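Before any comments, here is the structure.
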Amino acid sequence: MRHRSEAWRKIDGASFDVCVIGGGATGAGCALDAQLRGLSTVLIEAGDFASATSSRSTKLIHGGVRYLQEAVTDLDPGQYNVVKRALRERRFMLDNARFLAHPMEFLVPCYSRWDVFYYGVGVKIYDRIAGKHNFFPSRYRSSKDSLARWPLLQGDGLKGTIAYADGQFDDARYCVALVQTFTQAGGEAINHARVVRLQQDAGEKICAAEVEDQLTGANSTMQARIFVNATGPYSDHIRAMANPDLEKRLRLSKGVHILLPLDDRTTDAVVVPKTDDGRVIFAIPWLGRLLVGTTDDEVTHEEELVVKRSEAEYLLRQLNRYLSRPFAVEDIVGGFAGVRPLVSSGKPGRTKKLIREHEVEVDRESGLVSVMGGKWTTYRAMAEDAINAVQQQRGLPVGGCVTREHHLSGSDGYSADYPQTLAATYGVPDSTARHLSEKFGTNASAVLDLARQQPELAQPIVAGFPAIQAEIAYSARNEMAATLDDVLERRTGVQFFSWKTAMAAAPIAAAVMQKEMGWDSAHTQREVDDYVHTISEWTQKIGMANTDAKA
Ligand SMILES: Cc1cc2nc3c(=O)[nH]c(=O)nc-3n(C[C@H](O)[C@H](O)[C@H](O)COP(=O)(O)OP(=O)(O)OC[C@H]3O[C@@H](n4cnc5c(N)ncnc54)[C@H](O)[C@@H]3O)c2cc1C
Numbered sequence: 002m003r004h005r006s007e008a009w010r011k012i013d014g015a016s017f018d019v020c021v022i023g024g025g026a027t028g029a030g031c032a033l034d035a036q037l038r039g040l041s042t043v044l045i046e047a048g049d050f051a052s053a054t055s056s057r058s059t060k061l062i063h064g065g066v067r068y069l070q071e072a073v074t075d076l077d078p079g080q081y082n083v084v085k086r087a088l089r090e091r092r093f094m095l096d097n098a099r100f101l102a103h104p105m106e107f108l109v110p111c112y113s114r115w116d117v118f119y120y121g122v123g124v125k126i127y128d129r130i131a132g133k134h135n136f137f138p139s140r141y142r143s144s145k146d147s148l149a150r151w152p153l154l155q156g157d158g159l160k161g162t163i164a165y166a167d168g169q170f171d172d173a174r175y176c177v178a179l180v181q182t183f184t185q186a187g188g189e190a191i192n193h194a195r196v197v198r199l200q201q202d203a204g205e206k207i208c209a210a211e212v213e214d215q216l217t218g219a220n221s222t223m224q225a226r227i228f229v230n231a232t233g234p235y236s237d238h239i240r241a242m243a244n245p246d247l248e249k250r251l252r253l254s255k256g257v258h259i260l261l262p263l264d265d266r267t268t269d270a271v272v273v274p275k276t277d278d279g280r281v282i283f284a285i286p287w288l289g290r291l292l293v294g295t296t297d298d299e300v301t302h303e304e305e306l307v308v309k310r311s312e313a314e315y316l317l318r319q320l321n322r323y324l325s326r327p328f329a330v331e332d333i334v335g336g337f338a339g340v341r342p343l344v345s346s347g348k349p350g351r352t353k354k355l356i357r358e359h360e361v362e363v364d365r366e367s368g369l370v371s372v373m374g375g376k377w378t379t380y381r382a383m384a385e386d387a388i389n390a391v392q393q394q395r396g397l398p399v400g401g402c403v404t405r406e407h408h409l410s411g412s413d414g415y416s417a418d419y420p421q422t423l424a425a426t427y428g429v430p431d432s433t434a435r436h437l438s439e440k441f442g443t444n445a446s447a448v449l450d451l452a453r454q455q456p457e458l459a460q461p462i463v464a465g466f467p468a469i470q471a472e473i474a475y476s477a478r479n480e481m482a483a484t485l486d487d488v489l490e491r492r493t494g495v496q497f498f499s500w501k502t503a504m505a506a507a508p509i510a511a512a513v514m515q516k517e518m519g520w521d522s523a524h525t526q527r528e529v530d531d532y533v534h535t536i537s538e539w540t541q542k543i544g545m546a547n548t549d550a551k552a
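What follows is the structure, given as structure tokens:
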């Protein structure tokens with residue numbers, strides 16, 4: 002990726018075949034697909050890449066066992082089709098970026114023989130639907146075996162677990178890798194740049210977008226033949242900008258996750274199959290933490306996207322029923338909240354019942370192509386459908402999608418022993434080599450080359466976390482990271498590890514960013530103060546035990 006200021010100059014006043022609005026999973030996927038089909042494409046993102054829903058997911062590449070359960074109990078072919086399509090996409094997503102995604106074993110605890118039978122049959126159907134795309138067949142694990150794999154499980158009355166396969170991935174980095182791959186294919190991308198108005202030609206078709214730089218306040222207009230609206234939860238805003246007569250299509254559902262301390266040796270996930278609201282909750286090892294989520298509550302855009310104490314307590318209550326040692330609110334080390342952009346079925350009813358199918362809408366008046374709904378797992382298929390619609394609109398032959406087997410930046414030359422090779426070549430600790438490999442793939446060597454050239458960048462960002470300062474410099478130069486939040490949350494993942502660690506890391510990260518971005522000292526201090534203030538507010542909302550950034 003270009004440096005952000007250079008990218009802005011390239012886009013300012015330029016013309017493209019396609020303009021994709023929104024740089025989450027869907028938009029990044031659309032931009033890559035369009036560019037690879039030979040359409041000159043620009044991607045415009047109002048915040049950072051993946052800063053909205055696409056970094057707030059449960060990080061599962063999955064068909065969805067819950068949707069399968071609903072497909073069976075409600076005899077719903079729509080749910081079945083979503084599961085089927087997602088199970089096929091799961092394999093492509095994993096194969097295209099092996100450093101960011103991997104298969105994982107999920108354990109469903111069973112406390113009666115009926116549970117063993119019921120869940121066992123259910124996941125066998127899941128295996129069947131996945132067919133040749135399955136990672137490994139589901140199986141029964143005895144209670145002894147299950148407790149050895151997940152010592153925290155409540156052993157009293159445990160009849161064993163049903164184990165099945167799904168995938169886990171790093172959602173924020175996957176999106177950055179998509180954008181990186183897109184720019185390497187010749188596309189232009191810019192983050193922190195909001196589309197504020199769409200201009201129409203004499204035939205009332207959209208022909209240009211006015212864009213406002215959210216960091217400098219500068220304005221620009223760029224032209225494109227077709228505009229793709231991939232703004233997730235904000236899709237109705239862009240649809241209204243293009244054509245105020247369009248009816249709203251989205252319903253928003255808030256989902257929160259909390260992070261808890263975890264023993265490093267646990268590598269499997271646990272599924273909490275029975276909860277008060279009928280949803281499934283996952284407890285998943287994630288970057289050395291236990292990620293627990295999620296809730297599903299319909300909200301509006303006015304809802305503050307933070308984890309509330311009542312939501313954290315709800316998740317803990319559901320999980321603790323299955324544990325031998327319960328967690329308390331005071332154990333929480335971090336968390337995050339996001340909104341699902343669900344396409345309305347037009348009928349009332351709870352959002353958890355809405356099908357996660359996506360929809361591509363072409364507005365015949367304005368020419369806007371909107372791609373809405375779906376899941377992270379189906380981002381590629383959504384992009385394929387959206388760019389097919391773009392070609393149709395442009396009167397071009399439809400087809401030529403190559404993203405099923407297009408490896409993402411950082412994949413070439415990657416293998417399971419890459420972290421060891423990296424540690425040996427650069428003489429860095431295994432934990433740092435593993436962390437860099439899992440974030441950057443084979444681009445990790447470029448990060449460590451930077452640290453060789455500037456040895457001060459070889460230092461950790463903060464004690465107790467394997468990331469090094471060179472990652473910050475690399476992300477600012479090559480991945481368009483432009484704020485403290487960009488580097489601490491989505492590029493290095495420090496914020497996902499612990500809020501307290503992230504607050505402690507803020508001044509160190511800011512000092513690196515100051516040099517890279519040319520910030521003056523007042524700006525640098527403001528970044529630190531704002532960042533620490535926001536996170537300490539989150540800790541207070543939950544009522545975390547110790548909010549001292551230095552602790
Ligand atoms: C709690 C939760 C858990 C989930 N778990 C999973 C999971 O485990 N697996 C899975 O497959 N899916 C999961 N999902 C679903 C998945 O995360 C979403 O379907 C996906 O991230 C949506 O991506 P998107 O690009 O459509 O939207 P977003 O990621 O929200 O991206 C839209 C982007 O548009 C930008 N934008 C808005 N307005 C403008 C404008 N005017 N100009 C420029 N840019 C603009 C926004 O800044 C935003 O970045 C989960 C969702 C939630 C909320």
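Quick note on our numbering: the sequence shown kicks off at 2 and runs consecutively. Each residue gets a CB set at the ideal place from its N, CA and C atoms; glycine is no exception. Remember, predicted model here, so these are calculated numbers, not experimental data.
Nearest residue (CA-CA) to residue i, options the options
i, options, result
"E362", "H193, S236 and Y380", "S236"
"W500", "I163, E457, E46 and K542", "K542"
"F107", "I126, N135, S139 and S345", "S139"
"V63", "G39, S6, H134 and L179", "The identity of residue 63 in the sequence shown is His, whereas the question assumes Val. Comparing Cα-Cα distances from H63 to each of G39, S6, H134 and L179, the minimum goes to H134."
"R67", "A474, Y127, W115 and L292", "Y127"
"L37", "D450, E406, R290 and Y532", "E406"
"L562", "I473, H258, S416 and C176", "There is simply no residue 562 to check, as the chain begins at 2 and stops at 552 in what is shown."
"L449", "K275, T295 and P430", "P430"
"F228", "V293, F170, K206 and S254", "K206"
"K555", "G132, L320, E312 and A503", "Here the chain covers residues 2 to 552 and nothing more, so residue 555 does not appear."
"R226", "G396, L148, A178 and R341", "G396"
"N82", "E358, T540, Y112 and P262", "E358"
"G368", "S346, A241 and Y380", "A241"
"F93", "R150, S537, F498 and T378", "T378"
"E480", "E299, V344, A178 and A270", "A178"
6 Å CB neighbourhood of residue i in its chain, flanking five on each side removed
i, result
"S16", "Q224"
"Q515", "T525"
"E211", "V197, R198 and T222"
"A32", "V21, T42, L44, F183 and G188"
Run of the alpha helix (DSSP H) containing residue i, from where it starts to where it stops
i, result
"T535", "S522 to I543"
"Y120", "R114 to A131"
"A471", "Q470 to N479"
"A178", "D172 to Q185"
"Y380", "Y380 to Q394"
"E360", "E360 -> not in any alpha helix (DSSP H); beta strand (DSSP E) instead, spanning H359 to V363."
"M105", "That residue, M105, is in no alpha helix (DSSP H); its beta strand (DSSP E) goes A102 to C111."
"Y415", "Here Y415 belongs to no alpha helix (DSSP H), and DSSP marks it neither H nor E."
"F508", "In the sequence on display, residue 508 carries Pro and not Phe. Unbroken alpha helix (DSSP H) run through P508: W500 to M518."
"E314", "R310 to N321"
Exposed unless 16 or more other CB atoms sit within 10 angstroms - verdict on residue i
i, result
"A8", "buried"
"A550", "With a pLDDT of 40 at A550, under the threshold of 50, the modelled position of that residue is not reliable, and no figure is offered here."
"F283", "buried"
"W115", "exposed"
"G65", "buried"
"D277", "exposed"
"H436", "buried"
"R318", "exposed"
Proximal residues to residue i (C-beta, below 7 Å), its chain only, five neighbours per side dropped
i, result
"Q70", "G123"
"D413", "T443"
"D77", "E71"
"A482", "S476, V488 and R492"
"A511", "L485, T525, E528 and V529"
"R99", "S412 and Y415"
"A382", "R86 and E90"
Close beta carbons around residue i, own chain, < 8 Å, minus the five adjacent residues each side
i, result
"A141", "Reading off the sequence, residue 141 comes out as Tyr, not Ala. V117, G121, G161, T162, I163 and A164."
"E385", "D34, C402 and T404"
"S143", "G161"
"W539", "V307, V308, G336 and W500"
Terminal residues of the beta strand (DSSP E) in which residue i lies
i, result
"F93", "It is not in any beta strand (DSSP E) - F93 instead sits in the alpha helix (DSSP H) that spans P78 to N97."
"N230", "N220 to N230"
"S432", "That residue, S432, is in no beta strand (DSSP E); its alpha helix (DSSP H) goes D431 to F441."
"P274", "From DSSP, P274 is part of no beta strand (DSSP E); its letter is neither H nor E."
8 Å contact criterion, which residue i and residue j should meet: CB distance rounded
i, j, result
"Q181", "S325", "The pair is not a contact, with the Cβ atoms about 43 Å apart (cut-off 8 Å)."
"V21", "L40", "Not confirmed; about 10 Å, so no contact."
"A87", "G233", "That belief does not hold up - the Cβ atoms of A87 and G233 are roughly 17 Å apart, past 8 Å."
"A434", "A424", "4 Å"
"Y323", "Q169", "No, Y323 and Q169 are not in contact; Cβ-Cβ is about 20 Å, not under 8 Å."
"G48", "C176", "Not quite, the Cβ-Cβ distance comes to about 12 Å (not below 8 Å), so this is no contact."
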